[in-house]
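Residue numbers (our numbering), protein chains in the order written: chain A, 1 to 321; chain B, 322 to 642. Beta carbons: idealized from backbone N, C-alpha and C, even for Gly. Predicted, not measured: the structure shown is a model, and the values here were computed from it. What follows is one structure encoded as C-alpha cells, with my remarks underneath.
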C-alpha cells in the first residue's frame, strides 16, 4: 500500500513555499520542501505553485491524502475562496479549494496566513496541547490567529485574531487602515524604525550608538538596527524598543481580558529583538491583563515556516475529516 | 411517565432567584419562578436557595433532570467550584456542583454570571442561532461572556469575556482593579454619574436641565438622571453620555478586531439610556473595529433574567450531556 502524503502550500507576499509531510512525521519528507519568489500576478503564481507541487510529488512516492493552504490575504475559509491579495493582482474571488481539489484529486482546505500559522504553532510548535491559543506575528506588520479547542476560530468573516488593528493608543500614530494608534502602527518593525527616526530628529545629541550603526544616516534606521543598538546599551534605542514592546503588551493585555487564553505565542522578526523587548512585552501584557489570569507568553517555534506547518495540519484535517 | 424539569438557580449579589423549566418551553413553568434578597453569609443564602428550590419542586409535578447555576463571582466551571463571592462571605472554595447534585439527585453545572447570562441570551434571547456571540452587561459595573459554537468560552481561568477591565483610555480614570481607563470605569452607570458630576463642577453655567433633574444637588446625579437629561436635550448630559458610549464602543471595537464575533448583545440598566447612546456605541464600535467586519450590536432580550435563563440552559446541558 502506498503511503499517504499531505501537501502543504504557502502563498506568501514575497515567496511561495510547498512541502510534503508523511502522517505522524515531525519533519518534511526528504527533499520535499521547496520555495520560489512571488511573481507579478495570480496566474503566474498559481502556475509556479502547481509546478512546485508536481515536482515534489514526483520526488516522494505516495498517495496524496489532503492539501492544505495558507494564503497571504483575506480568505472565506468556509467556502475555500480567496477574496483577494493585497500584494498580487488577479486573486479576486478565486475558488482555490476547488481548483486544488480537482487538480490533485484530494480534499483541500484554505485559510489566511494568520489563522494557518496559529494552527501550525498549535499542532507542531510552541502551542501544542493548548486549549486556547493566540498566535501573533510581529514583523513589518502585525497579524494573528486563534486556535480554540484545536480548531481555527475565524469569527463571522474569518478576521478573528487581527490584533494588529486593535487600537491601543487612541491619540497615537495614523495607521493606513484609517484609525489611530493600532497595535501594528505602534509596535511592528516599521513602527520601531519610524519612532527611532522621530526620536533621533527630536534629540540631536542622543542616540550616538544607533546613529553609528545606521552609518550616520537616520533615514536608514531599521527595526533590527534599533534592536541592535538597544542591545549595545544605546539609551534612545532602548526607550523606543520599550515603547513599542509596551504597545504590543497593551494589545495582548486586552486580549487576556477578553479571552483569557491559556497561551500567547509570538513570532516574526521583531521577536528577535532580545530579552529586553520580551520582558517589556510580558510586563505590559500582565499590567493590562488580569492579575488573576495566567499569562503564558512564549516565542514561536516554527519561525517563517509556521504557515507551511499549519497548511500541513489543514491538509491532515481535510484528509481525515 | 413524569415530565422532566430543569432547575435554574441564580445566586446574585443582591438577590437570589430560582425557576423551573420544562424541556422545550419558552416560559417558566406556572408559578415556578421565585426570588429572595441575599443575606449576610453563604450558609444563609444556601439555605434560602434550597428552600426556594424545594418549594418550586413541590408546586410542579415532575422529575428533576438537571440543575444549572449562575453564580455572581469567580467560578471554576470545570470543577464546579465557587472560588469566592465579592459580596458575601463564606463562599470560598465551595464545591457547589457536587452539593447540588447530591441534594437533588440530578446532574448539575455551575458557571459565573457573565458567562451564564451570555449562554441565556444565546439559547433563549437575542443571540439565538449565533455561531459567535459576545454578551456585555453595562450597569453599575461591566461584565460579559462569550458563547462560541453553542458553548461558553471560559478561557484558561474562566475569565474570558471580562471586557470591563480592558483598557480603552490609557490616560483615563483610576479603576479599583488597579489599572487606568478600563471600560468599566469609563462607561458604566457609576462612571456616567461621576463624569457628569465632574463636568457640572467644571462648568458652573452648564447643565441646567441635569441640575434641575437632580434637585439642584449635583452629588445626587445618577447615570439614569444623565440619560433622562440627555433625552430632554441637556447639552452637558449629552456630551457625558456620548463619551461613555464611545468608551464602551472602543472596547467593543477591540473585541471585533480580536474575535470578529457574529453578534454583540448588550444588556444592563445603561442600555436603557436611549437611541443616542446606542447610536454612539455602534458608531464607536464600527470606527474601532474593522471596516470589513460585520457589526451586529443588539439589545439583550432577557433583561435581569438572562442569568436565570442561562442557568436553565446549563441544566439542560447537564441533563443531556
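For residue 384 (chain B) and residue 323 (chain B), I'd like the C-alpha separation in whole angstroms. Cα to Cα, the separation comes out at about 6 Å.
Does the beta carbon of residue 234 (chain A) sit closer than 7 Å to a beta carbon anywhere in chain B? no
Looking at chain A, is there any beta carbon in it that lies within less than 7 Å of the beta carbon of residue 579 (chain B)? yes
Beta-carbon proximity list for residue 42 (chain A), same chain, < 8 Å, skipping 5 on both sides: 85, 88, 89, 90, 91 and 94
Alpha carbon of residue 274 (chain A) to alpha carbon of residue 227 (chain A), nearest angstrom: Rounded to the nearest angstrom, the two C-alpha atoms are 7 Å apart.
Determine the chain A residues that contact residue 574 (chain B) at a beta-carbon separation under 9 Å, and present them in chain order. 166, 167 and 179
Determine, using beta carbons only, whether residue 137 (chain A) and residue 268 (chain A) come nearer to each other than 7 Å. yes
Below 8 Å on the Cβ atoms is my contact criterion, and I expect residue 516 (chain B) with residue 503 (chain B) to pass it. Report the Cβ-Cβ distance as a whole number of Å. With 8 Å as the limit, residue 516 (chain B) and residue 503 (chain B) do not qualify as a contact, their Cβ atoms being about 14 Å apart.
Quick one: Cα of residue 125 (chain A) to Cα of residue 305 (chain A), how far? Residue 125 (chain A) and residue 305 (chain A): Cα-Cα distance of roughly 10 Å.
Of all Cβ atoms in chain A, is any one closer than 7 Å to the Cβ of residue 585 (chain B)? no
Contact criterion: CB-CB distance below 7 Å. Does residue 162 (chain A) meet it with respect to chain B? yes
Taking three-plus beta-carbon pairs below 8 Å as touching, is the region 495-509 of chain B in contact with the region 621-641 of chain B? no
Is the Cβ of residue 76 (chain A) closer than 7 Å to any Cβ of chain B? Residue 76 (chain A) does not count as touching chain B.
Secondary structure at residue 429 (chain B), three-state DSSP: helix, strand or coil? strand
Measuring CB to CB, does residue 276 (chain A) end up less than 7 Å from residue 297 (chain A)? no
Per DSSP, what kind of secondary structure is residue 304 (chain B) in: helix, strand or coil? No information on residue 304 (chain B) is available, as it lies outside the stretch 322 to 642 that chain B covers here.
Could you tell me whether any Cβ in chain B is nearer than 7 Å to the Cβ of residue 293 (chain A)? So yes, residue 293 (chain A) belongs to the interface.
Ordered list of alpha helix (DSSP H) runs contained in the region 11-38 of chain A, each at least 4 residues: none
Excluding five sequence neighbours on each side, which residues of the same chain lie with their C-beta closer than 7 Å to the C-beta of residue 241 (chain A)? 192, 226, 227, 230, 273, 276 and 277
Does the distance from the C-beta atom of residue 67 (chain A) to that of residue 21 (chain A) stay below 7 Å? No, Cβ-Cβ distance for residue 67 (chain A) and residue 21 (chain A) is not below 7 Å.
Going by beta carbon distance, what residues of the same chain come within less than 6 Å of residue 108 (chain A), once the five residues before and after it are set aside? 67, 97, 100, 101 and 318
DSSP bridge partner residues for residue 495 (chain B) (one or two, in chain order): Residue 495 (chain B) pairs with B:501.
Can you give me the start and stop residues for the alpha helix (DSSP H) that residue 603 (chain B) sits inside? 596-609
Could you name each continuous beta strand (DSSP E) segment of 3 residues or more that falls completely within the region 38-101 of chain A, going from the start of the chain to the end? List check, beta strand (DSSP E) in window: 63-71.
Beta-carbon proximity of residue 492 (chain B) to residue 530 (chain B), cut-off 7 Å: No, the Cβ-Cβ distance between residue 492 (chain B) and residue 530 (chain B) is not below 7 Å.
By DSSP's criteria, residue 8 (chain A) is part of a beta bridge. Which residues make up the other side? A:19 and A:68
Between the CA atoms of residue 81 (chain A) and residue 212 (chain A) - distance to the nearest angstrom: 49 Å
On the CB-based measure, 16 or more other CB atoms within 10 Å of its CB, does residue 261 (chain A) come out buried or exposed? buried
Cutoff 7 Å: residue 288 (chain A) Cβ touching any chain B Cβ: yes
Rank B:439, B:564, B:452 and B:327 by C-alpha distance to the C-alpha of residue 481 (chain B) and give the top, closest one. B:439
Could you give the DSSP three-state label for residue 268 (chain A): helix, strand or coil? coil
Give the interface partners of residue 89 (chain A) over in chain B, defined as CB-CB distance under 9 Å, in chain order. Here the premise fails: no neighbours, minimum Cβ distance about 19 Å.
To the nearest angstrom, report how far apart residue 312 (chain A) and residue 144 (chain A) are at their CA atoms. 18 Å
Who pairs with residue 135 (chain A) in a beta bridge, going by DSSP? Bridge pairing for residue 135 (chain A): A:145 and A:265 [DSSP].
Reducing DSSP to helix, strand and coil, say where residue 166 (chain A) ends up. coil
Assigned exposure category for residue 46 (chain A) - 16 Cβ within 10 Å defines buried: buried
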